[in-house]
Structures are given as C-alpha cells and as structure tokens.
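Okay, structure first, notes after.
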Amino acid sequence: GALIIYIAFTIVVTEWRTHLRRTMNDMDSRANQKAIDSLLNFETVKYFGNESFEARRYDENLVRYQAAAIKSQKSLSLLNVGQQFIIGVGLVLILWRSTVVLVNTLMIQLYIPLNFLGVIYREIKQSLTDLDRMFTLLMADREIADEPGAPALVIADRTQGPEVRFERVRFHYESNRTILHDLSFTIPAGTITAVVGRSGAGKSTLARLLFRFYD
2 GALIIYIAFT IVVTEWRTHL RRTMNDMDSR ANQKAIDSLL NFETVKYFGN ESFEARRYDE
62 NLVRYQAAAI KSQKSLSLLN VGQQFIIGVG LVLILWRSTV VLVNTLMIQL YIPLNFLGVI
122 YREIKQSLTD LDRMFTLLMA DREIADEPGA PALVIADRTQ GPEVRFERVR FHYESNRTIL
182 HDLSFTIPAG TITAVVGRSG AGKSTLARLL FRFYD
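Take the sequence shown: its position 82, counted from the start at 1, is 83 in the numbering used here, and no numbers get skipped.
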C-alpha cells in the first residue's frame, strides 16, 4: 500500500513540477535573450541612450525567472518531504515498535543530518564558485576609463546643447593603417552635419569615438 501511494504521489507531483520547470526555463530563456540582444547591439543602445531601459527590461525578466525558480524549488522540496513522509509512515505501520526505535536511532537520525550536510556543502561550494567568477568580472580593469582628476562634462546652455569639436584627432585600429589623421572640425549646437566619404574612410569611426567606444 505504501509503495502504491509513493508511486502515485511521485507521478502526480512530478507532472506538476514539469509544468513549473518549463515555465522557469522559458523565463530563463527570455532573460538571456534580452541580455544577449542588448550586448550584441550595444552600439545601437549607446547611440540612443537606452542603457537604463535595457537594464530595466532585463531586471524585469530576471524577477519573473526568480519567481518561477522559487516555485520550482518549492515543488521539489514538497516532493522530497512527501516521499520521506510516506516512507516514514510505511515503516511505522510495517515494523514492530522496537524495530522502529532501532531504525530511527541508528539510521534516520544519522542519515538525515548527513544528507543535509552533503546538500549544504554542495550548495556552498557551488555558490562560492559562482561568486568567484562574479568578483573576477567586477574587479576587471575597464579598457576605457577617465583620467584621474578628469572634470565632469558640464553643458552650459541646455536649451541648445553642447557643440561637438574634434581637434587634430588621430586614430587607428591597426598600427600600420591610420583611419583618422589630424582631423579637426566643429559641429555647432543645434545643427546637423553630414559626413560623406568612401567606404573605410572613417565615417563610422567618428561616431564610435564620439560615443567613446574607443579612446
């Protein structure tokens, strides 16, 4: 009887968990998709100043994934507790009283703490590994950073906006091929300027330098 109840309980809860797991995987895929889209198109995001929008959209998907993951973990805990409860009740009903005391003393009280210790140790090691990777990324030096003591950009007239000025700019992707050589020009505030030239002349490079993709 206990075996039949155990099998039936496991099948029912597992089917329920399968639905929750699919939802969690779907939320995870959506969050990763948003992150990948933002990273692959980082130049477009930077051009339109949408960094905060993309970060907020990614955070919203992470919250949905977190909620789905918590439900999935709770269902797993329910499955484990239910299985242990059915086994325990079955042992109580089948075994003699003295045998139950012996089994409870020598096995259950010893096995359960050891089982929890193994789970906790595994989770701690996994979390420390993930944290190590996270701190490595956070401590990595930025390729493009302000000089020490650099003043903040101040826009004097916010009604018109700042002017854009390039003064004797030199730039190259490869040392043997200069893209920009002593380039100087000024774009007054509130005006539109067209940059025309052949392919490879440096038109896109100007925009990348302006948005500081390169320094």
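Backbone N, C-alpha and C define an ideal beta-carbon position, used for all residues, glycine too. These numbers come from a predicted model, not from an experiment.
Inter-stretch contact at 8 Å, needing at least 3 Cβ pairs: the segment 184–195 / the segment 165–172:
Contact between the segment 184–195 and the segment 165–172 is present, because at least three Cβ pairs lie under 8 Å.
Discussion item. Here's a check: name, in chain order, each residue in its chain whose Cβ is nearer than 6 Å to the Cβ of G83, leaving out the five neighbours to either side.
Written reply: These residues qualify, in order along the chain: F10.
6 Å CB neighbourhood of M28 in its chain, flanking five on each side removed: Close CB contacts of M28 within its chain, under the 6 Å cut and outside five residues either way in sequence, are with R65, Y66 and A69 (chain order).
Cβ atoms of S76 and V14: under 8 Å apart, would you say? The Cβ-Cβ distance between V14 and S76 falls below 8 Å.
Practice task
Pull up the distance between the alpha-carbon of T24 and that of E52, whole angstroms please.
Solution key: Rounded to the nearest whole angstrom, the C-alpha separation of T24 and E52 is 28 Å.
V165, enclosing alpha helix (DSSP H) - first and last residue:
Premise fails: V165 lies in the beta strand (DSSP E), V165 to E175, not in any alpha helix (DSSP H).
- DSSP state of S73, grouped into three classes? Collapsing the DSSP output to three states places S73 in a helix.
Q: Could you name the residues of the same chain whose beta carbon sits closer than 8 Å to that of V90, not counting the 5 residues immediately before and after it, in chain order?
A: Correct list, in chain order: A3.
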